[in-house]
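Q: Top to bottom, those sequences are chains A and B. Per this note's numbering, the first sequence starts with residue 17, numbered consecutively. Per this note's numbering, the second sequence starts with residue 17, numbered consecutively.
Protein chains: 2
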Amino acid sequence: MPRRPPRLPPLLAEFDDDEREAVLAANRIFYRAFAARDIDAMDQLWAPTGALVCLHPGRAPLHARTEIMASWRAILGHPEAPRVRCIGEWVAGRPGLAIVVCREILPEGQLMATNTFARHAESWRMIGHHSGPVPPIEPEKVTASPATATRPDRRKLH
Amino acid sequence: MPRRPPRLPPLLAEFDDDEREAVLAANRIFYRAFAARDIDAMDQLWAPTGALVCLHPGRAPLHARTEIMASWRAILGHPEAPRVRCIGEWVAGRPGLAIVVCREILPEGQLMATNTFARHAESWRMIGHHSGPVPPIEPEKVTASPATATRPDRRKLH
Numbered sequence: 017m018p019r020r021p022p023r024l025p026p027l028l029a030e031f032d033d034d035e036r037e038a039v040l041a042a043n044r045i046f047y048r049a050f051a052a053r054d055i056d057a058m059d060q061l062w063a064p065t066g067a068l069v070c071l072h073p074g075r076a077p078l079h080a081r082t083e084i085m086a087s088w089r090a091i092l093g094h095p096e097a098p099r100v101r102c103i104g105e106w107v108a109g110r111p112g113l114a115i116v117v118c119r120e121i122l123p124e125g126q127l128m129a130t131n132t133f134a135r136h137a138e139s140w141r142m143i144g145h146h147s148g149p150v151p152p153i154e155p156e157k158v159t160a161s162p163a164t165a166t167r168p169d170r171r172k173l174h
Numbered sequence: 017m018p019r020r021p022p023r024l025p026p027l028l029a030e031f032d033d034d035e036r037e038a039v040l041a042a043n044r045i046f047y048r049a050f051a052a053r054d055i056d057a058m059d060q061l062w063a064p065t066g067a068l069v070c071l072h073p074g075r076a077p078l079h080a081r082t083e084i085m086a087s088w089r090a091i092l093g094h095p096e097a098p099r100v101r102c103i104g105e106w107v108a109g110r111p112g113l114a115i116v117v118c119r120e121i122l123p124e125g126q127l128m129a130t131n132t133f134a135r136h137a138e139s140w141r142m143i144g145h146h147s148g149p150v151p152p153i154e155p156e157k158v159t160a161s162p163a164t165a166t167r168p169d170r171r172k173l174h
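1) Quick one: Cα of residue 109 (chain A) to Cα of residue 36 (chain A), how far?
2) Using beta carbons (cut-off 8 Å, strictly below), is residue 90 (chain B) in contact with chain A?
3) According to a CB-to-CB cut-off of less than 9 Å, which residues of the segment 92-118 of chain A neighbour chain B?
4) Compute the beta-carbon to beta-carbon distance between residue 128 (chain B) and residue 100 (chain B), rounded to the nearest angstrom, for a pair I have assumed lies under 8 Å.
5) In the structure shown, what three-state DSSP assignment does residue 31 (chain B) receive?
6) Whole angstroms are fine: how far does the CA of residue 83 (chain A) sit from the CA of residue 62 (chain A)?
7) Which chain A residues are close to residue 61 (chain B), counting only those with a beta carbon under 8 Å from its beta carbon?
8) In this structure, does DSSP put residue 82 (chain B) in helix, strand or coil?
9) According to DSSP, is residue 155 (chain A) helix, strand or coil?
10) Within 8 Å of any Cβ in chain B, is that where the Cβ of residue 125 (chain A) sits?
11) CB residue 117 (chain A) to CB residue 39 (chain B), shorter than 8 Å?
12) Can you name the start and end residues of the alpha helix (DSSP H) that residue 129 (chain A) belongs to?
13) Within the 8 Å Cβ cut-off, does residue 69 (chain A) reach chain B?
14) Residue 146 (chain B) CB to nearest chain A CB: under 8 Å?
15) Could you tell me the boundaries of the beta strand (DSSP E) in which residue 113 (chain B) lies?
16) Would you decide whether residue 94 (chain B) is buried or exposed? Buried here means 16 or more other CB atoms lie within 10 Å of its CB.
17) Less than 8 Å between the C-beta atoms of residue 67 (chain B) and residue 143 (chain B), yes or no?
18) Are the C-beta of residue 64 (chain A) and some C-beta of chain B separated by less than 8 Å?
19) Sort out for me which residues DSSP pairs residue 141 (chain A) with in a bridge.
20) Do you know offhand how far residue 86 (chain A)'s Cα is from residue 73 (chain A)'s?
21) Determine the direct distance from the alpha carbon of residue 155 (chain A) to that of residue 48 (chain A), and round the result to whole angstroms.
22) Give the residues of chain B in contact with residue 76 (chain A), contact being defined as C-beta atoms less than 8 Å apart.
23) Could you name each continuous beta strand (DSSP E) segment of 3 residues or more that falls completely within the segment 35-107 of chain A, going from the start of the chain to the end?
24) At a CB-CB cut-off below 9 Å, which residues of chain A make contact with residue 121 (chain B)?
25) Against residue 132 (chain B), what residues of chain A qualify as contacts under a CB-to-CB distance less than 8 Å, listed in chain order?
26) What does residue 143 (chain A) reach in chain B if we use C-beta pairs closer than 7 Å?
27) Here's the rule I'm using: 16 or more other beta-carbon atoms within 10 Å means buried, otherwise exposed. How should residue 122 (chain A) be labelled?
28) Is residue 146 (chain A) closer than 8 Å to residue 130 (chain B) when the C-beta atoms are compared?
29) When the Cα atoms are used, what is the spatial distance from residue 43 (chain B) to residue 138 (chain A)?
30) May I have the straight-line CA-CA distance separating residue 91 (chain A) from residue 97 (chain A), to the nearest angstrom?
31) Please return the same chain residues whose Cβ sits closer than 6 Å to the Cβ of residue 132 (chain A), not counting the five positions on each side in sequence.
32) Comparing C-alpha positions only, which one of B:104, B:148, B:134 and B:152 sits nearest to residue 65 (chain B)?
33) Do you know how far the Cα of residue 45 (chain B) is from the Cα of residue 113 (chain B)?
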């Protein structure tokens with residue numbers, strides 16, 4: 017017996033807790049692909065069609081999918097590719113579009129990224145990445161962003 | 017006689033050309049407020065409630081509305097506040113949420129910003145700003161971003 021009713025079409029669905037979790041899962045796929053240097057997973061995550069934008073720190077913006085993927089191949093294929101992880105995810109979403117702002121922890125410093133995701137049929141795909149330097153903090157002090165931390169979980173009664 | 021039917025509620029409306037123009041208008045309000053050092057217009061543009069994020073170049077992220085407005089008062093009230101203008105707007109939107117990525121031209125350099133807007137009743141309000149340095153280009157060479165330049169206007173038949 018299914019636990020949930022079938023998902024509504026994207027434009028009619030609410031951006032509910034399930035959608036928020038799906039967006040955060042897509043964001044985790046991005047950082048897992050980055051950390052594992054998995055160009056196939058990165059390619060699969062970026063939307064196959066439509067307008068895209070990728071802004072690596074201090075670099076010129078890329079819009080063409082072929083250029084964006086070439087940039088990721090160069091980054092992930094580099095022997096000194098940074099081992100990045102992500103903390104403190106902050107989410108804003110509406111049906112079909114969401115952004116995740118999060119802190120990227122690298123061995124040599126910290127960045128903040130604004131990652132944009134769009135719903136394509138049954139999955140959230142990346143359509144934008146914008147990363148730039150921020151003053152470092154102690155990662156252990158970050159557990160959740162204000163937006164995530166103060167958001168009540170409507171599925172729970174307490 | 018009204019030229020258009022009444023606007024549908026945000027969650028049912030399409031992100032159509034009118035909505036795209038409304039988002040671009042909100043983005044222009046941001047840069048006009050910035051250039052004119054108009055803190056009241058800036059305050060009016062940012063969403064009055066809900067989750068916000070503001071990432072000034074190289075600075076720690078701000079989430080509290082009071083802190084975000086204090087940062088803008090400090091920037092706009094500074095005697096050497098940069099005279100910024102914006103070119104090459106790139107838009108991605110769905111009903112209720114949109115991002116504008118654009119190039120910020122300052123006397124001392126160039127930045128790229130990802131600006132996030134959410135629909136609040138009848139207007140688009142800023143909920144996110146993320147700006148960071150990019151290599152400069154000659155502004156005259158930028159007329160429109162690929163997303164804007166290649167998007168067909170569905171209101172026209174040719």
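Even glycine gets a Cβ: it sits at the ideal position worked out from N, Cα and C.
A: With the structure as the only source:
1) 7 Å
2) no
3) 104, 106, 107, 108, 109, 110, 111, 112, 113, 114, 115 and 117
4) Wrong, their Cβ atoms sit about 12 Å apart, outside the cutoff.
5) coil
6) 12 Å
7) Near residue 61 (chain B) there are no residues of chain A at all, since even the closest Cβ is about 16 Å away, more than 8 Å.
8) helix
9) helix
10) no
11) no
12) Residue 129 (chain A) -> not in any alpha helix (DSSP H); beta strand (DSSP E) instead, spanning 125-136.
13) yes
14) yes
15) 113-122
16) exposed
17) yes
18) no
19) A:134
20) 16 Å
21) 18 Å
22) 150, 151 and 153
23) 69-71
24) Those do not exist, as residue 121 (chain B) stays about 14 Å from chain A at its closest Cβ, beyond 9 Å.
25) 108, 115 and 130
26) 108
27) exposed
28) yes
29) 31 Å
30) 6 Å
31) 115, 143 and 144
32) B:134
33) 17 Å
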